[in-house]
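These notes are about the structure you will find just below.
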Amino acid sequence: AQSVTQLDSHVSVSEGTPVLLRCNYSSSYSPSLFWYVQHPNKGLQLLLKYTSAATLVKGINGFEAEFKKSETSFHLTKPSAHMSDAAEYFCVVRFSGNTPLVFGKGTRLSVIA
Amino acid sequence: DVKVTQSSRYLVKRTGEKVFLECVQDMDHENMFWYRQDPGLGLRLIYFSYDVKMKEKGDIPEGYSVSREKKERFSLILESASTNQTSMYLCASILGGRNTGELFFGEGSRLTVL
Numbered sequence: 073a074q075s076v077t078q079l080d081s082h083v084s085v086s087e088g089t090p091v092l093l094r095c096n097y098s099s100s101y102s103p104s105l106f107w108y109v110q111h112p113n114k115g116l117q118l119l120l121k122y123t124s125a126a127t128l129v130k131g132i133n134g135f136e137a138e139f140k141k142s143e144t145s146f147h148l149t150k151p152s153a154h155m156s157d158a159a160e161y162f163c164v165v166r167f168s169g170n171t172p173l174v175f176g177k178g179t180r181l182s183v184i185a
Numbered sequence: 028d029v030k031v032t033q034s035s036r037y038l039v040k041r042t043g044e045k046v047f048l049e050c051v052q053d054m055d056h057e058n059m060f061w062y063r064q065d066p067g068l069g070l071r072l073i074y075f076s077y078d079v080k081m082k083e084k085g086d087i088p089e090g091y092s093v094s095r096e097k098k099e100r101f102s103l104i105l106e107s108a109s110t111n112q113t114s115m116y117l118c119a120s121i122l123g124g125r126n127t128g129e130l131f132f133g134e135g136s137r138l139t140v141l
């Protein structure tokens, strides 16, 4: 079955240090990949998406993700964490057209002052 | 401004009641989805619809049914609500076909079953 694995359920970083949230997915020829963020008591917001253009994708709020086909990974990074980045992050994959999007279980990011 | 609108933000129902959750999108999207979100479990797909009058079971369809009579509207039905269906329900829509755009979400419907 097609699956999305977020390797860490919780990541804690200090303000100003780099953020790395990891995501791997089961193999697919040409997937569409997304990262969504959900702040407490808020709806889901698109951070960035990869749809077969450049492998390094830039999103909102300074986040980036790199598509590595050989590793079937789509890790999310940010050079310097801000307190407002504390939220839950979901890696999402659409394995082919007209199929559901598959969500990872989420990674809760905590930012310590 | 594009929108996915869910009819109720908060509902409280009793065990055994029939519950309707309505979702409307104004983007002419073919594909629509119902997810439930529970702590530690992420978003789990209940049902999805490729287009009008089409529906497919997701990962956890038991206890739920859906209706898609018009392209813009996708309804989730709990025939006989149970306490384990207490959850946040999220509706989403996206363009169909190979060129996938963004998945747009509604604000969610928090259902409590007593």
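For the record, the sequence lines run as chains A and B.
Basically this note's numbering = 1-based index in the first sequence + 72.
Basically this note's numbering = 1-based index in the second sequence + 27.
Glycine included, each C-beta is placed from N, C-alpha and C at the ideal position.
Which same chain residues end up closer than 7 Å to residue i when comparing Cβ atoms and leaving out the 5 residues on each side of it in sequence?
| i | result |
| --- | --- |
| Asn-111 of chain B | none |
| Gly-88 of chain A | Ser-152, Ala-153 |
| Leu-70 of chain B | Tyr-62, Gln-64, Leu-117 |
| Ala-159 of chain A | Val-109, Gln-110, His-111, Leu-181 |
| Phe-175 of chain A | Val-76, Phe-162, Val-164 |
| Glu-134 of chain B | Gln-33, Arg-36 |
Would you report the Cα separation of residue i and residue j, rounded to the nearest angstrom?
| i | j | result |
| --- | --- | --- |
| Pro-103 of chain A | Gly-128 of chain B | 12 Å |
| Ala-119 of chain B | Gly-131 of chain A | 21 Å |
| Phe-162 of chain A | Glu-106 of chain B | 30 Å |
| Arg-62 of chain B | Ser-99 of chain A | Reading off the sequence, residue 62 of chain B comes out as Tyr, not Arg. Approximately 23 Å, taken between the alpha carbons. |
| Thr-127 of chain A | Leu-148 of chain A | 12 Å |
| Met-81 of chain B | Thr-123 of chain A | 26 Å |
| Met-59 of chain B | Gly-90 of chain B | 19 Å |
| Gln-52 of chain B | Ala-108 of chain B | 25 Å |
| Ala-125 of chain A | Glu-138 of chain A | 11 Å |
| Ile-104 of chain B | Ser-92 of chain B | 5 Å |
| Ser-136 of chain B | Leu-116 of chain A | 13 Å |
| Ser-142 of chain A | Gly-169 of chain A | 21 Å |
| Val-129 of chain A | Met-155 of chain A | 23 Å |
| Phe-146 of chain A | Lys-84 of chain B | 27 Å |
| Asn-113 of chain A | Arg-100 of chain B | 25 Å |
Excluding sequence positions up to five away, which residues of its chain have a Cβ less than 6 Å from the Cβ of residue i?
| i | result |
| --- | --- |
| Leu-173 of chain A | Val-164, Arg-166 |
| Ser-94 of chain B | Ser-102 |
| Ala-185 of chain A | Glu-87 |
| His-106 of chain A | In the sequence under discussion, the amino acid at residue 106 of chain A is Phe, which differs from the His named in the question. Correct list, in chain order: Lys-121, Val-164. |
With 16 as the cutoff for other CB atoms within 10 Å, does residue i come out buried or exposed?
| i | result |
| --- | --- |
| Lys-121 of chain A | buried |
| Ile-121 of chain B | buried |
| Gly-150 of chain B | No answer is possible for residue 150 of chain B: the residues shown for chain B start at 28 and end at 141. |
| Ser-81 of chain A | exposed |
| Arg-36 of chain B | exposed |
| Leu-130 of chain B | buried |
| Gly-67 of chain B | exposed |
| Phe-47 of chain B | exposed |
| Leu-93 of chain A | buried |
Got a sec, what are the start and stop residues for the beta strand (DSSP E) residue i sits in?
| i | result |
| --- | --- |
| Met-59 of chain B | 58-65 |
| Thr-77 of chain A | 76-78 |
| Phe-101 of chain B | 100-105 |
| Glu-136 of chain A | 136-140 |
| Ala-159 of chain A | 159-166 |
| Ser-145 of chain A | 145-150 |
Kindly list the residues whose CB is nearer than 8 Å to the CB of residue i, restricted to its own chain and excluding five residues on each side of it in sequence; keep chain order.
| i | result |
| --- | --- |
| Pro-88 of chain B | Ile-73, Tyr-74 |
| Phe-132 of chain B | Val-31, Leu-117, Cys-118, Ala-119 |
| Asp-157 of chain A | Val-91, Asn-133, Lys-150, Leu-181, Val-183 |
| Val-79 of chain B | Arg-95, Glu-96, Lys-97, Lys-98 |
| Gly-123 of chain B | His-56, Glu-57, Asn-58, Tyr-77, Asp-78 |
| Val-85 of chain A | Val-91, Ala-153, Leu-181, Ser-182, Val-183, Ile-184 |
Check the C-beta distance from residue i over to residue j and give it rounded, since I have them as a contact under 8 Å.
| i | j | result |
| --- | --- | --- |
| Leu-119 of chain A | Phe-135 of chain A | 5 Å |
| Thr-139 of chain B | Val-31 of chain B | The pair is not a contact, with the Cβ atoms about 22 Å apart (cut-off 8 Å). |
| Asp-65 of chain B | Ser-114 of chain B | 6 Å |
| Tyr-97 of chain A | Thr-144 of chain A | 5 Å |
| Gln-78 of chain A | Cys-95 of chain A | 5 Å |
| Ser-34 of chain B | Glu-57 of chain B | Ser-34 of chain B to Glu-57 of chain B, Cβ: 21 Å. No contact. |
| Val-83 of chain A | Thr-179 of chain A | 6 Å |
Please determine whether the Cβ atom of residue i lies at a distance below 7 Å from any heavy atom of the ligand GDP.
| i | result |
| --- | --- |
| Lys-130 of chain A | No copy of the ligand GDP occurs in the structure displayed, which carries no ligand at all. |
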